[in-house]
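Chemist: Start counting the sequence shown at 116; every next residue gets the next number (the working numbering).
Where a beta carbon is used, it is the ideal one built from N, C-alpha and C, also for glycine.
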Amino acid sequence: MTAYRSIAVGAVVLALAWSLLASRGNADAGHGADSHDTHGEQHGEGHEEDRHAADLAQVWNSLKHTRDGIAADIEAGSLNAIHEKTEILETEAKSLLQHSTSLEPKKRERVESLIRQITKLGGTLHAAADAGDQDRTRREFKRLDGLLQLLQAQYPAGSLEPHGHPPAAGHSSERSHGHGEGHVHGNNGPQGLVSTRARASVLVRSTDFHFKPTTIKLRAGIPTRIELQNDGQTEHSLVVKTPDGEYDWIHLHAQAGTSVAATYQLDQPGEYRVLCTIPGHTEAGMTGELIVEAEDTHGHHGEH
């Protein structure tokens, strides 16, 4: 009897052990399946984010292409060709908003406001072109171009480039102190934004509708660090156009209470107008003067 009892007990122990092992195996299998499902979901979310980023860049580049087409029509005097493009531009701007789901709420509100202004200005540009008034059409287009630059500034650097690539080499910028955001724009020409080390520096403070100092002096051919410190209660920009007015030599943009800086080099001596291109600010008198002095042939270049 004792032997039979020992065999029976052993059988029960083996059965319990087998049951525990089977349960653990099922649990591990379930955990593996859950991990696989979670990984699959994360992978899918990554693809979805990439797709949204690609769509956003595509819409922006389409909008830029339309903008360039309008500029070409104005230069060619083909005002009749502008009508359809302004309508396309308005549609693309609205589409950009639909693809801007990743923006923080305040940025999205700013984008919505800018797109409303762009849509309204598109109608004004259309009317000017329809009237055959080329001078007015040029003025309205420059206002529109300024709004598009501000719109671009609401997005993280590089997010509107194809496939999310950062801006091209040579677009050097630096963020200075402050709790908001600043933006730097520049052209790819031989003048303007440069990546070389600064040999001089200039600080410009902006209050509400004033630059301090109102006159900025630079040496031609000398890389100069220009800092815009915004002491005002609203955003401001510091913009200097090329002589033909088509491009920006200098373009700094700072939110209230922040500062932004970049290094620029202007090679053409002369006197140029400094503007704040935030809508309504130039009209309110927020202008200044940039004097680019001929390079000192004796090589004496002091800090400004």
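1. Within 8 Å, do at least three Cβ pairs link the region 320-332 to the region 239-258?
2. Decide if Ala-191 is buried, meaning its Cβ has at least 16 other Cβ atoms within 10 Å, or exposed.
3. Excluding sequence positions up to five away, which residues of its chain have a Cβ less than 8 Å from the Cβ of Cys-60?
4. Measuring only the C-alpha atoms, how far is Asp-183 from Gly-372?
5. Which residue comes first and which comes last in the alpha helix (DSSP H) that contains Gln-267?
6. Below 8 Å on the Cβ atoms is my guess for Thr-234 versus Ala-208; work out the distance and round it to an integer in Å.
7. Look at the alpha carbon of Glu-214 and the alpha carbon of Leu-171, and state the distance between them as a whole number of angstroms.
8. Here's the rule I'm using: 16 or more other beta-carbon atoms within 10 Å means buried, otherwise exposed. How should Ser-374 be labelled?
9. For the alpha helix (DSSP H) containing Leu-240, list its first residue and its last residue.
10. For Arg-334 versus Glu-410, is the C-beta distance shorter than 8 Å?
11. CB-CB under 8 Å to Arg-388, same chain, minus the five flanking residues each way: which ones, in chain order?
12. Let's see if you can read the secondary structure: which residues bound the beta strand (DSSP E) around Leu-204?
13. Which class does Thr-181 belong to by DSSP, given the choice of helix, strand or coil?
14. Spatial neighbours of Gln-232 within its chain, please: C-beta separation below 6 Å, excluding the five flanking residues on both sides.
15. Give the DSSP bridge partners of Leu-353, in chain order.
16. Cutting at 8 Å between CB atoms, please list the residues of its own chain near Arg-251, excluding the five before and the five after it.
17. Name the two residues that bound the continuous beta strand (DSSP E) containing Ser-321.
18. Which residues does DSSP pair with Asn-345 in a beta bridge?
19. Is Ile-189 helix, strand or coil by DSSP?
Modeler: The structure says:
1. no
2. exposed
3. Examination of residue 60 is not possible in this model, given that the chain is present from 116 through 419 alone.
4. 34 Å
5. 249-268
6. 7 Å
7. According to the sequence as given, residue 214 is His; it is not Glu. Rounded to whole angstroms, His-214 to Leu-171 spans 6 Å at the Cα level.
8. buried
9. 220-245
10. yes
11. Val-355, Lys-356, Thr-402, Gly-403, Glu-404, Leu-405
12. Unbroken run through Leu-204 is the alpha helix (DSSP H), 197-213; no beta strand (DSSP E).
13. helix
14. Leu-262
15. Leu-367
16. Ala-243
17. 315-322
18. Ser-321
19. helix
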